Structures are given as structure tokens and as C-alpha cells.
Amino acid sequence: MNNLIKKFSKTFELLYLYDESSIPKPKGNKTIQKLNFHQVLNEIEELKHYLISKNQASELFGMQKDESFKGILEHIFQTFDGIELLPSTEEKAANLLYYIVKDHPFIDGNKRIGAYIFVSFLDKNNLLNENINFATLTSLTLLIAKSHLNEKEIMINLICNLL
């Protein structure tokens, strides 16, 4: 078999499953470290200062519009009868990115904040690997931003498979 075909066989499979609207959700890994609301806000503040120093953000970056960001963090760790509704770290991370990008809990910087918190969460849970580089992160974030709301499940499943 051609080396390129072998190397990218998972890509061809996922593209086929995407066309069929049937990307499965992999089992995934157990979450090691949850996110703390105040620590995440500190991380966003650190990102803000970095971006301001590069003239890529203003003081509006990372300002919360309302309590929806806290709700997003609570949602991804939600349980019912002691069972996590999003059982894997990959599923939590994918939902985290999706909700920050789509729900716009901040006045400015939702895509950048979503992308950063996504990789930060993966890193804290030892799941940040070579599959996620700047090109992948940029592409996933923009794909979510441009997706329709009725495509949420397929976006989440795609991200979980890429992790």
C-alpha cells in the first residue's frame, strides 16, 4: 500500500464518516484535573497581557458579558446521579472549545480564549500531543465558528477523534 494512503487512512475514514454524518465518539480518557473558574480567569488574563503586548488585543479582551462562562465550565463537569454526563476528557475539551466559540461568553476574544483554554485543559490532563499543533487548533476553532448549530454533535465527535 502507498505510504501516503497508509499514513492518512484515518483522515479518509473520518472524511467519509463526516459525509455520512456518522462520526462515532471514541471512549476517551478519564479526566485527571478539572478546571477551576478563578484559575482559568487568571490564565485568560495572562493571555490578554501577552496579546496586548503584541498589539493583538485591547482591554476588552476576556471581559465576561455575563455569567455564561462560569456556566460553560460547570456544564462540562456536570453529573447526574453521580455519573459524568461528559465522561471523557476529550469530550469535555471538545465541548469546552465549542461552547466558548459558539456561545460568546466574552465581549472580545472568544475564539482565541476558546482555543487557549482547550489546549490548556488538554495539557493539564496529559492529552496535548502532536495531533494538536497551531494549524490543527486554528482549523478546528474556525470550523466550529463557521459551523451551524445543528452540527454540534458531529463537531464534538470529530474533535474527539482527532485527539
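Each residue of the sequence shown is one higher than the one before, counting from 24 in this note's numbering.
All C-beta atoms in this analysis are idealised placements derived from N, C-alpha and C, irrespective of residue type, glycine included.
Note that the structure is predicted; figures quoted are calculated from it, not measured.
Compare the beta carbon distance of S111 and K50 with 8 angstroms and say whether it is the shorter of the two. What you label residue 111 is simply residue 88 of the sequence shown in a count that begins at 1. What you label residue 50 is simply residue 27 of the sequence shown in a count that begins at 1. Contact flag set, yes.
Within this structure, are the beta carbons of I140 and I155 separated by less than 8 angstroms? Reading the sequence shown from its first residue, position 117 is the one you call residue 140. Reading the sequence shown from its first residue, position 132 is the one you call residue 155. No, the Cβ-Cβ distance between I140 and I155 is not below 8 angstroms.
Taking buried to mean at least 16 other C-beta atoms within 10 Å of its own C-beta, is S76 buried or exposed? Taking the sequence shown and counting its residues from 1, the one referred to as residue 76 is at position 53. Its Cβ having fewer than 16 others within 10 Å, S76 is exposed.
For E107, three-class secondary structure by DSSP: In the sequence shown, the residue the question calls residue 107 occupies position 84. Shown here, E107 sits in a strand according to DSSP, grouped into three states.
Which stretch, first to last residue, makes up the alpha helix (DSSP H) that contains H61? The residue labelled residue 61 in the question sits at position 38 within the sequence shown. Segment F60 to S76, the alpha helix (DSSP H) holding H61.
F157 by DSSP, collapsed to three states: which one? Position 134 of the sequence shown, counting from 1, holds the residue named residue 157. Helix, per DSSP.
So I46 packs on I177, CB below 8 angstroms; how close in whole Å? Locating residue 46 in the sequence shown gives position 23, counting from the first residue. Locating residue 177 in the sequence shown gives position 154, counting from the first residue. The Cβ separation is near 6 angstroms, so the contact holds.
Host alpha helix (DSSP H) of K175 (start-end): Here the question's residue 175 lines up with position 152 in the sequence shown. DSSP places K175 inside the alpha helix (DSSP H), whose first and last residues are K175 to L185.
Excluding the five sequence neighbours on either side, which residues of its own chain have a C-beta within less than 6 angstroms of the C-beta of Y41, listed in chain order? The sequence position of residue 41 within the sequence shown is 18, counting from 1. Spatial neighbours of Y41 in its own chain (CB-CB distance under 6 angstroms, excluding positions within 5 residues in sequence) are not present.
Starting from H98 and walking both ways along the alpha helix (DSSP H), at which residues does that stretch end? As a first step, residue 98 must be located in the sequence shown, where it is residue number 75. Unbroken alpha helix (DSSP H) run through H98: S91 to I99.
Among the residues of its own chain, which have a CB less than 6 angstroms from the CB of K93, if the five just before and after it don't count? Taking the first residue of the sequence shown as position 1, residue 93 is located at position 70. Sequence-distant partners of K93 (beyond 5 residues in either direction) whose C-beta falls short of 6 angstroms from its own C-beta, in its chain, are F60.
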